[in-house]
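What follows is one structure encoded as structure tokens, with my remarks underneath.
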Amino acid sequence: MDEILLEVDALSRSFGGLKAVNDVSFAVPHGSIKSVIGPNGAGKTTLFNLISGMLPCHSGTVRKNGRTITGLQPHKIARLGICRTFQTTKLFARMSVLENVMVGRHTVTRAGFLSGLLNLPWTWKEEREIGQRAMQLLETLGLADSASESAANLPFGKQRLLEIARALATEPSLLLLDEPAAGLNIYETREMADLVLKIREWGITVLLVEHDMSLVMDISDEIVVLNYGRKVAEGEPQQIQRDPEVIRIYLGGDHA
0 MDEILLEVDA LSRSFGGLKA VNDVSFAVPH GSIKSVIGPN GAGKTTLFNL ISGMLPCHSG
60 TVRKNGRTIT GLQPHKIARL GICRTFQTTK LFARMSVLEN VMVGRHTVTR AGFLSGLLNL
120 PWTWKEEREI GQRAMQLLET LGLADSASES AANLPFGKQR LLEIARALAT EPSLLLLDEP
180 AAGLNIYETR EMADLVLKIR EWGITVLLVE HDMSLVMDIS DEIVVLNYGR KVAEGEPQQI
240 QRDPEVIRIY LGGDHA
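What the sequence shown shows, in numbering that gives the first Met the number 0, is residues 0 to 255, in sequence order.
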């Protein structure tokens, strides 16, 4: 059996009388691409918020490598190797492209406020290393030519790539991608699919929320299907495509 990186066990979260995530359980093996799909309002982004610590869960447990991370603050979860992107890009618009990626290195650097204030020599070295690593990521993702530009001036597709570059700068072992292909054209979506596969080749496990079914079916090892906050199916892409319940609630009627 593949070693499990992330375990979600009976996770639940309500907003008033609405159960946005209702007793959801699944596991993500090391080195896999696992996708979470479902109609609008199925609870996908809320699930990501619970895993990443952006929201507290009302019941259930999240474990990474067997360690319970439920209830930890987002920055502590990030330091444990779980980083995420957002459905709506959240960049530092007035900072440069390079600076946005450098910010992502804060989880793996030693310098704090006091050492930076004192301008200690070892902090200069670390700052140079941060810049070098950030530039390497920009080169890898094809953004190096835009390094000095303001993040706000990038086209939307490149802003998506920049947010992923910033997440990768944290050196995650698990990357949560929340609808990375949203708003992209067909060509950009293909490039995004290739990038997700490359990220997996780099040894990073991916948990993906996405509406583009062709992308999901092409790159996923396993898929979890949510509907009204509940898990209704889980399996390999071929199984999900044939699942009668998935066809009924998600793909529409009797359409396969």
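Ideal Cβ positions, reconstructed from N, Cα and C, are used throughout, including at glycine.
For residue i, which residues of its own chain have a beta-carbon under 7 Å away from its beta-carbon, when the five flanking residues on both sides are left out?
i    : result
G42  : A19, V20, L225, G228
G52  : L71, Q72, P73, I76
N48  : L54
P28  : D1, E2, I3, L4
A192 : L214, D217, I218
E244 : V231, A232
I32  : V195, R199, V205, L207, I218, S219, D220
T188 : A180, D211, L214
C56  : L10, S11, R12, L49, T69
K157 : L142, S145
E148 : S95, V96
Just to confirm my understanding: we take residue i, look at its own chain, exclude 5 residues before and 5 after, and list those with CB closer than 6 Å. What are they?
i    : result
D22  : A9, S11
L17  : none
D242 : A232
L117 : Because L117 sits at a pLDDT of 47, beneath the cut-off of 50, its placement in the model cannot be relied upon, and the point is left open.
S273 : Past the boundaries of the shown model lies residue 273; the chain is included only from 0 to 255, so the question cannot be answered.
L140 : L160, A164
L46  : V20
Spell out whether any CB of chain D is found under 9 Å from the CB atom of residue i.
i    : result
L136 : Judged by its chain identifiers, the structure shown contains no chain D, having just a single protein chain.
Who does residue i pair with in a DSSP beta bridge?
i    : result
C82  : L174
S95  : S149
A232 : V224
With respect to the beta strand (DSSP E) encompassing residue i, which residues constitute its N-terminal and C-terminal limits?
i    : result
E148 : That residue, E148, is in no beta strand (DSSP E); it is neither H nor E in DSSP.
E6   : 3 to 14
P28  : 17 to 28
Tell me where the alpha helix (DSSP H) around residue i begins and ends.
i    : result
F155 : 155 to 167
P236 : 236 to 241
Could you pull out every residue in the same chain whose Cβ sits closer than 8 Å to the Cβ of residue i, ignoring the five residues on either side in sequence?
i    : result
M101 : I129, G130, A133, A168
V61  : L5, E6, V7, D8, L10, L49, I50, T67, I68, T69
A151 : L90, A92, R93
L137 : V96, L97, V100, A143, S145, A146, A164
F112 : Confidence at F112 is low in this model, with a pLDDT of 42, below 50, so its placement is unreliable and the value that follows should be read with caution. Correct list: empty, nothing qualifies.
G234 : E221, I222, D242
Identify every run of the alpha helix (DSSP H) within the segment 198 to 230, keeping only runs that are complete inside it and at least 4 residues long; order them along the chain. Taken in chain order, the complete alpha helix (DSSP H) segments of 4 or more residues contained in the segment 198 to 230 are 212 to 218.
For the pair the segment 175 to 193 and the segment 84 to 97, tell me if three or more CB-CB distances fall below 8 Å. Taking 8 Å as the limit for Cβ pairs, the verdict is that the segment 84 to 97 does touch the segment 175 to 193.
Is the segment 191 to 207 in contact with the segment 154 to 171, if contact means three or more CB pairs nearer than 8 Å? With a cut-off of 8 Å, the segment 154 to 171 and the segment 191 to 207 count as touching, because enough Cβ pairs lie within range.
Unbroken stretches of the alpha helix (DSSP H), 4 residues or longer, contained in the segment 33 to 74: Correct list: 43 to 50.
Report yes or no: do the segment 127 to 138 and the segment 54 to 68 share at least 3 C-beta pairs separated by less than 8 Å? In short, these stretches do not touch, since the Cβ pair count stays below three.
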